[in-house]
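> Just so you know, the sequences run in chain order G and D.
So that you can map any letter, position 317 of the first sequence is 317 in the numbering used here, and since no number is skipped, the others follow by simple counting.
So that you can map any letter, position 78 of the second sequence is 1078 in the numbering used here, and since no number is skipped, the others follow by simple counting.
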Amino acid sequence: MSVQMNVASKDLLAVNDLKTYFPIRAGVFQRVVANVKAVDGVSFAVREGETFGLVGESGCGKTTISRTILRLQKATAGNVFFDGEDVFAKKGKDLTALRRQMQIVFQDPYASLDPRMPVGDIIAEGLLIQGMKEADARNKIVQEMLDKVGLNPYHAHRYPHEFSGGQRQRIGIARALALQPKFIICDEPVSALDVSIQSQILNLLKSLQKEFGITYLFVAHDLSVVEHISDRVGVMYLGKMVEMSSREKLFRTPLHPYTQALLSAIPVADPRRKRDRIVLTGEIPSPVNPPSGCRFHPRCPLAIDRCKVDEPVFEEKRGGHWAACHLVERVGGATPDLQSHKAAANIAAVPA
Amino acid sequence: MTTAATTDLFPAERVERGESPFTKARKRFFRHRLAMVGLVILTTMILMALFAPLLTQYSPIEINLTNMSQPPGNGHLLGTDTTGRDVWARILYAGRVSLSVGLVAVTLSTLIGVLIGGLAGYAGGRLDMLLMRFTDMVMTFPSLVIIITVASVLGPSIYNTMLVIGMLTWTGTARLVRGQILSLREQQFVLAARSMGVAPRSIMSKHLLSNVVSSVTVAATFGMASAILQEASLSFLGLGVQSPTPSWGNMLRDAQTLSILEGMPWLWLSPGIMIALAVLSINFIGDGLRDAVDPRSLK
């Protein structure tokens, strides 16, 4: 069945060489002195009906990408196509119509709901904007959505402060769902929740996807969450995509040294199982002045001289498995093996 | 709950509405003792000013040279002043002037402050810088000098007093509103509204302004107390409300001579007490409001 789906599915969202810079202004005349290159040339596509996971450390540009796609943040360059239409070219009514198709669920369930609005009004706000004038029709959808996300219809009259974090996140999902969008960006939707609540929300998202055929762009920094929910995964580092492939390939045979380091950091719930952690030294560099060549080279345990000057191309190294690394040969070449390089390349290995 | 219960989703006891932040704040406010004391005093003063003609048979401006400088008692509750006017009547009618100057001035300053602060906070960038530098400029104005200038150009009157106080005191409100809007507009619920296509103007009114109302109310309350004080000091200097119209401030001014200070305390004690009571009670109310809308007490 999944094979059939893959054959039939097309790209719903295509991001091409997207760049989002934040200018740093200084002086009396507010001259632009530098740019924070939050997103610096990222390309990927999300297929209809799938969940595309986007992972990376804080500050790597995941959230900026999602906000740029939704036009909450102006892009510096590049373009985004949604369902074949240029997102950045839309204006006025067309833009409003497009917004109906793309919704977002935010990270912080406390900041994402207006404290002065009853829950019903919060969920109905988008419906009103999209031209649903009859209060009865709106109420009906509100009741339906509350039911879908596992809340009670009478909750519509309550205010956000009367709910727990998990319940608030359900309200946020109901708000996104009310417009019946094709595509929802989940911007770290569970990272502010308790672990026990996280799985409930993830399962809710999954079942809604099954019911309504929604496509997700799932932004997170928690790899186990991404592994649980994603069909394909993209890994970002400092404003660039470094690796992208199906979940199975990415988690079983990661190509990029950064992905390998990330994966080795996932805790294993088995004290007897020995594992070697690859500990990256240093901090994530500043996106104002990113390192030359490969952006990962100052922290990469395998870096060679070429990495310092020559920026690797993000290309398809294996069938459907993309990466940006000089050390990964295209097709058939050996995967850089961090574990065997350990002695040679000065890596701190911490047995767990 | 069984599946059959889906038809009965609204059991009577469950439909009760949630408490809005406003309802909660109102409840907290009415439990605040000091604020209630202030509210009772202020309400009494407002009622006294409103029903002044019912509370005294004397006119506040009619001179009676046969009955000058009488001590309290003998038909005059608070005595008479040096021109024979009934002090109790003047206190009542002065309340109308002083309280309405405070109210109008603070309304004006709040409107200007919210407008400029809201615009600066929401627009950001160049407009923000321009408006805030303008605000800084107004803050540096020596208010007394401006007031003297305005009073000499337009002539001192009750309306000019309202205008001048309103025009010079909005800066604090503007800064407050700008700061709050700046932080609110980056909140995720505002981003959510934008992602649904809500127009900037409705975002401003529905999400931003409704969230600054409480702090603006608190600021306006304290502003009213200081506007009453300002009116009093302007009138005391002879730059505010002019005789024969009584205001608590110009009643104090009329009581400046040594002989009155020493020999006729009812002339300066009564307006002084009224000013102090009005300012104190409004500040109590402001304290109560501030505690009531404090987000830390909003659970």
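Note that CB positions come from ideal geometry on N, CA and C, so glycine has one too.
Given the structure is predicted, the values throughout are model-derived calculations rather than measurements.
1. So what's Leu1055 (chain D) in DSSP terms, helix, strand or just coil?
2. For Ala261 (chain G), which residues in the same chain have their Cβ closer than 6 Å to its Cβ, ignoring the five residues on either side in sequence?
3. I want to verify the contact list: residues of chain G whose CB lies under 8 Å from the CB of Pro1021 (chain D), in sequence order.
4. Any residues in the stretch 1161 to 1195 of chain D with a beta carbon nearer than 7 Å to a beta carbon of chain G? Which ones, in chain order?
5. Skipping 5 residues on each side, what residues in its chain have a beta carbon closer than 6 Å to that of Val119 (chain G)?
6. Less than 6 Å between C-beta atoms, sequence neighbours within five positions excluded: which residues of the same chain meet that for Val973 (chain D)?
7. Might you give, ordered along the chain, the residues of its own chain that have their beta carbon closer than 6 Å to the beta carbon of Arg299 (chain G), omitting 5 neighbours on each side?
8. Between D:Met1196, D:Leu1163, D:Thr1149, D:Gln1180, which has its C-alpha nearest Ile123 (chain G)'s C-alpha?
9. Against chain D, does Ser112 (chain G) count as a neighbour if the rule is that its beta carbon must be under 8 Å from one of theirs?
10. Helix or strand or just coil, what does DSSP make of Ser207 (chain G)?
11. Could you pull out every residue in the same chain whose Cβ sits closer than 7 Å to the Cβ of Leu202 (chain G), ignoring the five residues on either side in sequence?
12. Could you compute how far the alpha carbon of Asp1008 (chain D) sits from the alpha carbon of Phe212 (chain G)?
13. Write down the C-beta distance between Gly78 (chain G) and Lys19 (chain G) rounded to the nearest angstrom, noting that I regard them as a contact closer than 8 Å.
14. Looking only at DSSP bridge pairs, what is Ala265 (chain G) linked to?
15. Can you give me the Cβ contacts of Ile266 (chain G) inside the same chain, cut-off strictly under 8 Å, excluding the 5 residues immediately before and after it?
16. Note down, in chain order, every chain D residue with its Cβ under 8 Å from the Cβ of Ile104 (chain G).
17. What's the gap between the Cα of Ala348 (chain G) and the Cα of Ala220 (chain G)?
18. Does any C-beta atom of chain G lie closer than 8 Å to the C-beta of Val1198 (chain D)?
19. Using a Cβ-Cβ cut-off of 8 Å, state whether Arg138 (chain G) counts as contacting chain D.
20. Quickly, what does DSSP pair Phe22 (chain G) with across the bridge? List them, please.
21. For Thr1140 (chain D), does the count of other Cβ atoms within 10 angstroms reach 16, so buried, or fall short, so exposed?
22. Chain G partners of Ser1205 (chain D), CB-CB under 9 Å?
23. For the stretch 68 to 81 of chain G, which residues have a beta carbon sitting closer than 9 Å to at least one beta carbon of chain D?
24. Quick check: is the beta carbon of Gly1223 (chain D) nearer than 8 Å to any beta carbon in chain G?
25. For Thr1059 (chain D) versus Ala1089 (chain D), is the C-beta spacing smaller than 8 Å?
26. Helix, strand or coil for Thr215 (chain G), going by three-state DSSP, please let me know.
27. If you count every other CB in all the chains shown that lies within 10 Å of the CB of Lys1206 (chain D), and 16 or more means buried, which is it?
28. What do you get for Met1068 (chain D), buried or exposed, if any count of 16 or more other CB atoms within 10 angstroms of its CB means buried?
29. Using the C-alpha atoms, what's the distance from Leu1168 (chain D) back to Gly1155 (chain D)?
30. Using a Cβ distance threshold of 8 Å, determine whether the stretch 94 to 114 of chain G contacts the stretch 44 to 53 of chain G, with at least three qualifying pairs required.
31. Would you kindly work out how many angstroms separate the C-alpha atoms of Thr215 (chain G) and Ala38 (chain G), rounded to a whole number?
32. Checking contacts by CB at 8 Å: is Arg295 (chain G) closer than that to chain D?
Once the coordinates are examined:
1. Residue numbering aside, residue 1055 (chain D) sits at position 55 when the second sequence is read from its first letter. In this structure, Leu1055 (chain D) counts as helix in the three-state DSSP scheme.
2. Here residue 261 (chain G) corresponds to residue number 261 of the first sequence, with the count starting at 1. If the five residues before and after Ala261 (chain G) are omitted, its C-beta is found closer than 6 Å to the C-beta atoms of Ile278, Leu280, all from its own chain and listed in chain order.
3. The count along the second sequence starts at 1 and reaches residue 1021 (chain D) at position 21. What Pro1021 (chain D) touches in chain G: Pro115, Arg116, Tyr159, His161.
4. For the stretch 1161 to 1195 of chain D, which is checked against every Cβ of chain G, the residues closer than 7 Å are Gln1187, Gln1188, Phe1189, Leu1191, Ala1192, Ala1193, Arg1194, Ser1195.
5. Looking up residue 119 (chain G) in the first sequence gives position 119. Counting only Cβ-Cβ distances below 6 Å, and skipping sequence neighbours, we find His155, Ala156, Arg158, Ile171.
6. Absent from the structure is residue 973 (chain D), since the part of chain D shown begins at 1001 and ends at 1299.
7. As a position in the first sequence, residue 299 (chain G) is number 299, starting the count at 1. Contacts found: Leu280, Gly282.
8. Reading the first sequence from its first residue, position 123 is the one you call residue 123 (chain G). The candidate whose alpha carbon is nearest that of Ile123 (chain G) is D:Met1196.
9. Position 112 of the first sequence, counted from the first residue, corresponds to residue 112 (chain G). Output row for Ser112 (chain G): interface = yes.
10. Along the first sequence, one-based indexing puts residue 207 (chain G) at 207. Helix at Ser207 (chain G).
11. Within the first sequence, residue 202 (chain G) is the residue found at index 202, counting from 1. Exclusion of the five residues before and after Leu202 (chain G) leaves Val190, Val225, His228, Ile229 as the residues of its chain whose Cβ lies within less than 7 Å of its Cβ.
12. On the second sequence, position 8 is the one that residue 1008 (chain D) refers to. On the first sequence, position 212 is the one that residue 212 (chain G) refers to. Since pLDDT at Asp1008 (chain D) reaches only 46, below the 50 mark, its modelled position is unreliable, and no value is offered.
13. As a working mapping, residue 78 (chain G) is identified with position 78 in the first sequence. As a working mapping, residue 19 (chain G) is identified with position 19 in the first sequence. The distance from the Cβ of Gly78 (chain G) to that of Lys19 (chain G) is about 5 Å, consistent with a contact at the 8 Å cut-off.
14. Counted from its first residue, the first sequence places residue 265 (chain G) at position 265. Ala265 (chain G) is not bridged to any residue.
15. The count along the first sequence starts at 1 and reaches residue 266 (chain G) at position 266. Around Ile266 (chain G): Leu223, Ser224.
16. One-based indexing of the first sequence puts residue 104 (chain G) at position 104. Against chain D, the beta carbon of Ile104 (chain G) has neighbours under 8 Å at Leu1191, Ala1192, Ser1195, listed in chain order.
17. If you number the first sequence from 1, residue 348 (chain G) lands on position 348. If you number the first sequence from 1, residue 220 (chain G) lands on position 220. At Ala348 (chain G), the pLDDT of 42 sits below 50, so the modelled position is not reliable; the number obtained from the coordinates is stated separately. Cα-Cα distance, rounded: 26 Å.
18. Taking the second sequence and counting its residues from 1, the one referred to as residue 1198 (chain D) is at position 198. Taking 8 Å as the threshold, the shortest C-beta distance from Val1198 (chain D) to chain G falls below it.
19. Within the first sequence, residue 138 (chain G) is the residue found at index 138, counting from 1. Not closer than 8 Å to any Cβ of chain D, the Cβ of Arg138 (chain G) fails to qualify, so no.
20. Taking the first sequence and counting its residues from 1, one reaches residue 22 (chain G) at position 22. DSSP lists G:Val36 as partners of Phe22 (chain G).
21. Here the question's residue 1140 (chain D) lines up with position 140 in the second sequence. Looking at its Cβ environment, which holds fewer than 16 other Cβ atoms inside 10 Å, Thr1140 (chain D) is exposed.
22. Taking the first residue of the second sequence as 1, we reach residue 1205 (chain D) at position 205. Here the premise fails: no neighbours, minimum Cβ distance about 12 Å.
23. If the cut-off is 9 Å between Cβ atoms, the stretch 68 to 81 of chain G has Leu70, Arg71, Leu72 near chain D.
24. As a working note, residue 1223 (chain D) is residue 223 in the second sequence. No, because no Cβ of chain G sits closer than 8 Å to the Cβ of Gly1223 (chain D).
25. Your numbering for residue 1059 (chain D) matches position 59 in the second sequence. Your numbering for residue 1089 (chain D) matches position 89 in the second sequence. Before going further, note that residue 1059 (chain D) is Ser rather than Thr in the sequence given. It is a contact, given that the beta carbons lie within the stated cut-off.
26. In the first sequence, residue 215 (chain G) corresponds to position 215, counting from 1. Looking at Thr215 (chain G) - three-state DSSP - the assignment turns out to be strand.
27. Start at 1 with the first residue of the second sequence, and residue 1206 (chain D) comes out as number 206. That one is buried.
28. Position 68 of the second sequence, counted from the start, is the residue given in the question as residue 1068 (chain D). Sixteen is the threshold: since fewer than 16 other Cβ atoms of the shown chains lie within 10 Å of the Cβ of Met1068 (chain D), the residue is exposed.
29. Locating residue 1155 (chain D) in the second sequence gives position 155, where the first residue counts as 1. Locating residue 1168 (chain D) in the second sequence gives position 168, where the first residue counts as 1. Rounded to the nearest angstrom, the two C-alpha atoms are 18 Å apart.
30. A contact between stretches requires three or more CB pairs, one per stretch, nearer than 8 Å, and the stretch 94 to 114 of chain G fails this requirement with the stretch 44 to 53 of chain G.
31. Position 215 of the first sequence holds residue 215 (chain G). Position 38 of the first sequence holds residue 38 (chain G). So the alpha carbons of these two residues sit roughly 25 Å apart.
32. Position 295 of the first sequence, counting from 1, holds the residue named residue 295 (chain G). Output row for Arg295 (chain G): interface = no.
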